[in-house]
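Student: Starting off with a structure, shown below.
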């Protein structure tokens, strides 16, 4: 059987560099990201690479050609197509992806230029971003012709059939979007109705209607906006020539002593930038009258007030008495319905002026709010009868109670202030009126499309105009409700001008991005090119039961849900309660549920098992067989994933390829993925780590984040001879070592190096699956090995390699605690990382994590995570004594030196080194070097983000100048990369 190109080779460095570039600027994301929010979208260039590399044939070796007639035919045809041989084939593939230069080299040059303060000509790459390059007709024809070689051994003399590409977990649609752009027969499946509607608006309608339809959206969108302005203008009064950008609000609770409302403000910033533009709110409190006034302050006074707070760390502070009050009090008040909102300030621009201006809220502003409340009370009963108001209860299946129910929000309508809700439901009412009128003018087909794009605009409006949308003082703009992938309660929030600004802005977003998407998926006929329109079929349903025939799909490329990272159904209900009302006439297939389907969603959702799990003494819930809710959720996720992969196995052709893209850093997620793939009947034939997230960010210095996506190339397993774990253990060790060595030589480090070995290790298991432990299970049958046994072994082997790398290739024995500390920094490049990952590393180094926390005070344990302590924090916690006569570990010695040097200076540090007889100790120098290289040297505004890196760097210059300094991580990066949000919206 012939191989696919992705089984043989993938230009991972070029794809990774171009993926980073794709999301290097928030203003230049692909347009599908802007049309409607969805969580965890893949880069388009990575998606197209996975699809095309899965379809194209590998270049057969001479040995394969001699022994396999099909390989011989493929080699002959490839040599005809590419006279330059395999190297020419690979260069053509990279260009076929739209990568028209050396992206990896260009990225390095740009970083070096930024560090040196040099501005490169143009964009620094010398060619446009790959995803903006539409594949040419001849490229598409050639890909189809070459893909046909894989299944038939020769190409059709006439029209080559288009290969079918299927994504069972389509989500935001990056993979099917790119498959359709290359002219493949594309099928996108998605369970969630919100995502399915988004797919319709990105994969189908733009190609069918073309860029010209943007004019239709603009025309009717303007009509819709005008009607909203006419109905809502009195509730948003304008002061002369000002244009309101935002109203700044605070949630408020009664002071426990006086009963007067206290605004809960984490800070008082309005514009946080240079000292010339710093602006903040200052409260002038009149305790006698029980009133307070807001003043707008600038400069030094703004810095003083901007940093103040009346809510911090779960505790409120009364502006009337100065007394603190607890988070429990705040929650009780909120759940009793006594939490209010106070309008504090208005952000505006003046006609003809530039920049933002700020003023306190006036009596006219407050009167308009009160008038809007009265109008809502008048209209609401009728809206309830007409089912226009989103009064649905928030689902009891919830993981995000801290973002809503804990603070008195039990219905979706309660996410909005009365004025915000008045704007949203008025917009929904007028949307129905406008689209009904449009149907008479432009017909059913176009009016349905119009309804979808106006519904997207309405979703944009509620996303940026709720009690969860906040003010970003550093960028002076409103953040969306979903600036994080959850419901995160906002103590202060921002409101759009709902009469004049909100709808025109949202409509313009739909118009602009429809046009941009259309330009990517359609091309009119010209003198040099034929008409081209991408086509895709959207199926709404479970990935475990898809309406496709057996053996009907050439390639499956998918990005399955990541374990418990995002509860898509739960958070998408925020939009669904609006979409099901806005689309119920035009698109009833996306409006047929009361709420999104959480039971069938393939995520590890512990909230599903709250009712069947008992609470243990530690507050964790246990259910069937004494299992915790999280364990029941894990088992259900694995079963749903396995059933989905079994369905993929059914529809995939015998010669087909399935490529799975996976980024999760937790070993249990990989264990689950591996078990599901193996049990579904797949072999894992190749894996490729593609560097997709920025390493140079202060965000990553504080939080653990994998930087690479692993592409797993899978085929239907033809049959294998089962084995026992003892039979293949050495093979797993060898493969893990080989993979780690190879990927390390290519520049991969940290947790990504560990994760990169998981694919090759799973491949060994797939060759002999099922693999048995040698024990019996509970039913008395031979027990099947869990993949995590092999993954743990791989991790242990990689840990040994990493330690050698940190020591410059030498083998030096420290102690287990020191090894763990160095490997933790090297693996996670972060002070904080998941508890389970810390536990797994402890197993690999033969330690007890509780011992590290309680005895050595190396880490602090908290809910779901651990945090590495600095030397100073360890000393405060009683885990470090610089005056000790003896030290248990080498890291204690190093931390003592670091603490003394940082607090008392160089002379004290030298004296301590001599007293401890460590000045010339080679092992101590080796520990110092290892720490210097392990702890990330990320800088923020020219300063090391981590104090450990700062102290070690200074120590090297002062006392260890014979140790070669590691290269600093170059420069700072864009805000998009700083957030580590390559796949986020």
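In the working numbering, the protein residues as written are 2 to 986. For every residue, glycine included, the Cβ atom is placed at its ideal position computed from N, Cα and C.
Given that a residue counts as buried once 16 or more other Cβ atoms are within 10 Å of its Cβ, and exposed if not, what is residue 118?
Tutor: Result: exposed.
Student: Run through DSSP, which three-state label would residue 492 get?
Tutor: Reduced to three states, the DSSP call for residue 492 is coil.
Student: Could you give the distance in angstroms between the alpha-carbon of residue 753 and the alpha-carbon of residue 828?
Tutor: Roughly 8 Å between the two C-alpha positions.
Student: DSSP state of residue 688, grouped into three classes?
Tutor: If DSSP states are grouped into helix, strand and coil, residue 688 belongs with the strands.
Student: Just list the beta strand (DSSP E) runs in the segment 781-806, keeping only unbroken ones of 3 residues or longer that don't cross its boundaries, in chain order.
Tutor: Listed in chain order, the complete beta strand (DSSP E) runs (minimum 3 residues) inside the segment 781-806 are 783-785.
Student: DSSP state of residue 426, grouped into three classes?
Tutor: Helix at residue 426.
Student: Starting from the N-terminal side, write out each stretch of the alpha helix (DSSP H) that is 4 residues or longer and does not extend beyond the segment 83-167.
Tutor: 87-97, 104-117 and 138-153, all fully within the segment 83-167.
Student: Would you tell me roughly how many angstroms separate the C-alpha atoms of residue 465 and residue 179, rounded to the nearest one?
Tutor: Going by the C-alpha atoms only, they are around 29 Å apart.
Student: Is there contact here, the segment 919-928 with the segment 894-901, by at least three beta-carbon pairs under 8 Å?
Tutor: Output reads yes: the segment 894-901 touches the segment 919-928.
Student: For a test of the three-state rule: what should DSSP assign to residue 312, helix, strand or coil?
Tutor: DSSP places residue 312 in strand when its eight states are reduced to three.
Student: Straight-line CA distance for residue 510 to residue 134?
Tutor: In a straight line, the C-alpha of residue 510 is about 22 Å away from that of residue 134.
Student: So which of 425, 404, 549 and 499 has the shortest CA-CA distance to residue 489?
Tutor: Answer by Cα proximity: 404.
Student: Put residue 26 into one of helix, strand or coil per three-state DSSP.
Tutor: Here residue 26 sits in coil by DSSP.
Student: Take residue 547 as the anchor and find which of 168, 130 and 4 has the nearest alpha-carbon.
Tutor: Ranking the options by Cα distance to residue 547, first place goes to 168.
Student: Can you give the Cα-Cα distance for residue 568 and residue 939, rounded to whole angstroms?
Tutor: Near 32 Å, if we compare the C-alpha coordinates of residue 939 and residue 568.
Student: With the cut-off set at 8 Å, would you say residue 252 and residue 492 are in Cβ contact?
Tutor: Closer than 8 Å, so yes.
Student: Taking only the alpha-carbon atoms, compute the straight-line gap between residue 622 and residue 629 and give it to the nearest angstrom.
Tutor: A caution first: residue 622 carries a pLDDT of 42, below 50, which makes its placement in the model unreliable, though a value can still be read off. If I take the Cα positions, the gap works out to 5 Å.
Student: Identify the continuous beta strand (DSSP E) that holds residue 752 and give its terminal residues.
Tutor: Note, residue 752: premise wrong, no beta strand (DSSP E); alpha helix (DSSP H) at 751-757.
Student: What's the call for residue 142, buried or exposed, on a 16-neighbour Cβ count within 10 Å?
Tutor: It counts as exposed.
Student: Which residues does DSSP list as the beta-bridge partners of residue 334?
Tutor: Answer by DSSP bridge pairing: none, since residue 334 is not bridged.
Student: Please confirm if the segment 581-594 is in contact with the segment 679-686, defined as three or more CB-CB distances below 8 Å between the two stretches.
Tutor: Touching, no, given that fewer than three Cβ pairs across the two stretches are closer than 8 Å.
Student: Given a cut-off of 8 Å on the beta-carbon distance, is the pair residue 228 and residue 431 in contact?
Tutor: Cβ distance < 8 Å, so residue 228 and residue 431 count as in contact.
Student: Quick check: the segment 215-235 against the segment 466-478, are at least 3 beta-carbon pairs closer than 8 Å?
Tutor: Segments in contact, no.
Student: Residue 174: buried (16+ other C-beta within 10 angstroms of its C-beta) or exposed?
Tutor: Buried: at least 16 other Cβ atoms inside 10 Å.
Student: Which term fits residue 620, buried or exposed, when burial requires 16 or more other beta carbons within 10 angstroms of its beta carbon?
Tutor: Legend: pLDDT at residue 620 = 39, less than 50; position of this residue unreliable, no value from coordinates given.
Student: Could you tell me which uninterrupted alpha helix (DSSP H) segments, each at least 4 residues in length, are contained entirely in the segment 898-929, listed from first to last along the chain?
Tutor: Runs of the alpha helix (DSSP H) inside the segment 898-929: 907-916.
Student: Measure the alpha-carbon distance for residue 739 versus residue 766 and round it to whole angstroms.
Tutor: About 16 Å.
Student: Could you spell out the range, first to last residue, of the alpha helix (DSSP H) harbouring residue 231?
Tutor: It spans 214-233 - the alpha helix (DSSP H) in which residue 231 sits, taken as one unbroken run.
Student: Taking the alpha helix (DSSP H) that residue 638 belongs to, which residues open and close that run?
Tutor: Segment 630-652, the alpha helix (DSSP H) holding residue 638.
Student: Per DSSP, which residues does residue 256 bridge with? Please list them.
Tutor: Beta-bridge pairing links residue 256 to no other residue.
Student: Can you give me the Cβ contacts of residue 51 inside the same chain, cut-off strictly under 8 Å, excluding the 5 residues immediately before and after it?
Tutor: Same-chain partners within the cutoff: 7, 176, 558, 660, 662 and 712.
Student: Rounded to a whole number of angstroms, what is the C-alpha to C-alpha distance between residue 417 and residue 325?
Tutor: C-alpha separation (whole angstroms): 28 Å.
Student: For residue 838 versus residue 667, is the C-beta distance shorter than 8 Å?
Tutor: Taking 8 Å as the Cβ cut-off, residue 838 and residue 667 qualify as a contacting pair.
Student: Consult DSSP for residue 293 and reduce its assignment to one of helix, strand or coil.
Tutor: Residue 293: strand per DSSP, three-state reduction.
Student: Entirely within the segment 523-591 and at least 3 residues each: give me those beta strand (DSSP E) ranges in chain order.
Tutor: Here the runs fully enclosed are 537-541 and 554-559.
Student: Once the 5 residues before and after residue 933 are set aside, which same chain residues still bring their CB inside 7 Å of it?
Tutor: Excluding positions up to five away in sequence, the list reads 953, 957, 964 and 967.
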